[in-house]
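Residue numbers (our numbering): 209 to 792. The beta carbon of each residue, even a glycine, is placed where N, CA and C say it ideally should be.
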RNA sequence: GCCGACUUAGCUCAGCUGGUAGAGCAGCUGUUUUGUAAACAGCAGGUCAUCGGUUCGAAUCCGAUAGUCGGCUCCA
């Protein structure tokens with residue numbers, strides 16, 4: 209309850225600040241027209257229609273004006289007008305966006321206006337008492353935004369701001385943002401030489417460098433092993449397929465905007481695949497199937513190509529060619545619930561390995577334009593809920609939010625600095641089994657249509673990699689680190705010993721390199737630290753004579769007089785267990 | 001795709017109101033033999049994103065294109 213009150217107050221403060229900002233803008237830029245200015249997560253924004261283009265230099269000016277307004281402790285007052293009067297009032301002022309908003313309210317409704325000082329705005333409120341209550345805010349960015357969020361509408365200028373109850377909370381938030389910027393996968397990707405995206409190859413197409421590809425290899429190997437253990441089989445399918453395949457699947461009907469133009473091969477059109485499912489279904493169709501064969505669980509790291517608008521590309525998070533960790537489960541109606549529960553359990557287990565433990569489920573149910581038998585939808589939704597309940601996950605239900613072809617569960621995971629990412633998706637499909645006329649022979653000798661579940665756990669390897677880089681801040685656990693250890697000699701006297709240590713570590717299965725450069729130990733430590741290498745092994749005169757090693761751990765801790773065999777034992781366990789923490 | 005900003009050496013960045021480019025790091029060559037986050041010196045490296053225009057003269061002004069970034073719409 210206390211929390212709810214606090215949230216309510218914070219919401220009022222943010223919304224009140226939006227009014228204050230709008231007032232400041234109207235004073236600085238006469239003739240501005242107002243869109244909307246709501247409170248949002250962490251702050252607020254206001255949309256303006258203005259000839260002048262806002263520049264970053266305008267923000268401090270607006271903030272200064274806001275400070276002035278706040279200093280005046282202007283009272284917020286509510287005024288109510290009949291709809292017709294309110295319409296005339298805003299029309300007279302030339303506020304066409306406000307007029308549009310009022311027009312959308314039902315006839316006969318009472319329109320509320322909030323006034324503070326010389327400013328007034330169409331608003332349902334409530335607000336704080338007076339502007340003097342507003343203490344902690346910062347204008348952060350200028351952006352374009354479509355009026356009412358539609359591409360067909362004109363674009364307004366939006367100013368975003370963050371706001372909190374106290375300056376300390378604002379400060380903490382800004383610090384968290386700085387931390388996020390430090391971890392940005394685009395920055396770390398360059399610094400650690402993990403991947404690049406280049407203009408010559410094309411936007412949204414990822415080049416995985418040796419370091420990134422090594423991490424990907426470790427993830428893929430783990431992923432495949434887990435799938436075999438979990439009763440899946442792996443399949444592999446091509447990158448392109450004939451137009452008629454995509455006709456049958458329906459993708460050319462409802463997904464064409466996201467597909468690339470076809471290529472002509474011997475007079476027949478082929479499309480790059482945006483999804484893997486039709487290929488998996490064709491494997492199913494390759495022979496007659498019995499209920500005894502089910503469930504079939506077919507997984508593939510399938511590379512797909514989707515047309516993404518130029519403006520939406522973002523590092524590894526949003527690309528045009530990516531590899532989904534896809535699988536399709538084809539089962540009988542009786543198996544469906546157990547399969548759903550198992551997929552969810554399997555998924556949570558994988559998330560745990562990467563250190564993601566806070567997970568929330570979002571179940572989306574039958575929309576109005578759904579295909580497929582409503583009874584099947586009911587059953588599927590029941591299975592999804594049963595699975596979520598079994599795992600004790602926190603769940604939110606999006607009524608009518610499912611795809612037209614089936615209900616789904618999405619999992620959102622929280623990373624190490626508290627951000628939520630939508631990753632796993634588990635979707636029923638009532639469309640494709642129908643379209644492909646998939647069938648199996650039941651115990652009764654009759655033909656039956658199977659259920660099909662699509663699921664991707666990590667989502668795409670590219671996006672997952674981006675999130676993982678930020679989650680670990682580039683400090684990959686030992687099993688994932690591209691280079692796990694570096695041996696640093698202090699003088700050339702220890703070159704031989706350093707090589708010996710390197711060879712032993714290599715023989716023990718570690719990714720290790722000796723840095724034998726003619727350079728200071730300081731420089732070698734610094735270079736290795738910048739690359740976030742988990743273990744540095746320093747060998748100088750003392751170590752060589754004693755036959756020991758000195759460790760310097762990522763994070764600066766040093767351990768002296770370490771026995772090499774013991775080090776190998778401890779780190780071998782650390783690596784094999786995919787531990788998140790260092791053994792020392 | 002839309003709104004705005006940006007694009008200078010491998011990387012991080014200087015370059016005032018137009019007079020044809022500069023630093024640090026990285027690289028190469030020497031010197032130095034070093035004890036836990038940058039030893040010293042020298043050398044080399046750029047048609048200033050691309051194309052076009054204005055001008056006696058363009059990294060600098062104008063236009064187009066491409067890409068990047070912050071958002072919007074969309075999404076794994």
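- In the three-state reduction of the DSSP assignment, residue 646 falls in the coil class, being assigned neither a helical nor a strand state.
- 451 is the residue among 451, 466 and 489 whose C-alpha sits nearest the C-alpha of residue 476.
- Take residue 424, set aside five residues on each side of it, and the residues of its chain with a beta-carbon closer than 8 Å to its own are 416, 669 and 673, in chain order.
- Sequence-distant partners of residue 440 (beyond 5 residues in either direction) whose C-beta falls short of 8 Å from its own C-beta, in its chain, are 505, 506, 507 and 535.
- Around the beta carbon of residue 738, a 10 Å sphere encloses fewer than 16 other beta carbons of the protein chains shown; the residue is thus reported as exposed.
- In the structure shown, residue 328 adopts extended strand secondary structure according to DSSP, grouped into three states.
- Residue 363 and residue 376 do not touch by the CB rule: their CB atoms are close to 36 Å apart, not below 8 Å.
- When 313, 281 and 766 are compared, the shortest CA-CA separation from residue 292 is found for 313.
- Counting the other CB atoms within 10 Å of its CB gives residue 752 a total of 16 or more, which places it among the buried residues.
- Here the region 290 to 308 makes no contact with the region 260 to 270; the two share fewer than three CB pairs at distances below 8 Å.
- As a beta-bridge residue in DSSP terms, residue 289 pairs with 319.
- Excluding sequence positions up to five before and after residue 716, its CB lies within less than 6 Å of the CB of 776, all in the same chain and listed in chain order.
- For residue 662, the enclosing beta strand (DSSP E) covers residues 659 to 668.
- Rounded to whole angstroms, the separation of the alpha carbons of residue 725 and residue 677 is 29 Å.
- Following the DSSP letters along the chain, one finds residue 532 inside the beta strand (DSSP E) bounded by residues 529 to 539.
- Under the 8 Å Cβ criterion, the region 335 to 349 counts as touching the region 218 to 235, having at least three qualifying pairs.
- Residue environment analysis places residue 471 among the exposed positions, since fewer than 16 neighbouring C-beta atoms fall within 10 angstroms of its C-beta.
- With distances taken between CA atoms, residue 565 lies nearest to 557 out of 557, 229 and 572.
- Residue 699 is classed as exposed because its beta carbon has fewer than 16 other beta carbons within 10 Å across all chains shown.
- Burial check for residue 436: the Cβ neighbour count within 10 Å stays below 16, so the residue is exposed.
- By the neighbour-count definition (other C-beta atoms within 10 Å, threshold 16), residue 497 is a buried residue.
- The beta-bridge partner set that DSSP reports for residue 747 consists of 697.
- The beta-carbon separation of residue 648 and residue 499, rounded to 6 Å, stays under the 8 Å limit for a contact.
- Using a C-beta cut-off of 8 Å, the region 560 to 574 makes contact with the region 596 to 605, since at least three inter-stretch Cβ pairs fall below that distance.
- Put simply, the region 269 to 286 touches the region 222 to 242. At least three CB pairs are less than 8 Å apart.
- Within its own chain, the residues whose Cβ lies closer than 8 Å to the Cβ of residue 384, once the five positions on either side in sequence are excluded, are 625 and 626, listed in chain order.
- Judged by their CB atoms, residue 643 and residue 458 are nearer to each other than the 8 Å cut-off.
- Burial is judged here by how many other beta carbons sit within 10 angstroms of a residue's own beta carbon; residue 685 has at least 16 and is buried.
- Straight through space, the alpha carbons of residue 709 and residue 420 are spaced by roughly 26 Å.
- Residue 621: member of the beta strand (DSSP E) spanning 616 to 622, first to last residue.
- For residue 606, there is no enclosing alpha helix (DSSP H); the residue is found in the beta strand (DSSP E) stretching over 602 to 606.
- Sequence-distant Cβ neighbours of residue 434 in its own chain, meaning closer than 7 Å and more than five residues away, are 558.
- Residue pairing from DSSP places residue 508 in a beta bridge opposite 534.
- Rounded to the nearest whole angstrom, the C-alpha separation of residue 327 and residue 360 is 30 Å.
- DSSP places residue 686 in the coil class of the three-state scheme, outside both helix and strand.
- The three-state reading of DSSP puts residue 594 in helix, counting H, G and I together.
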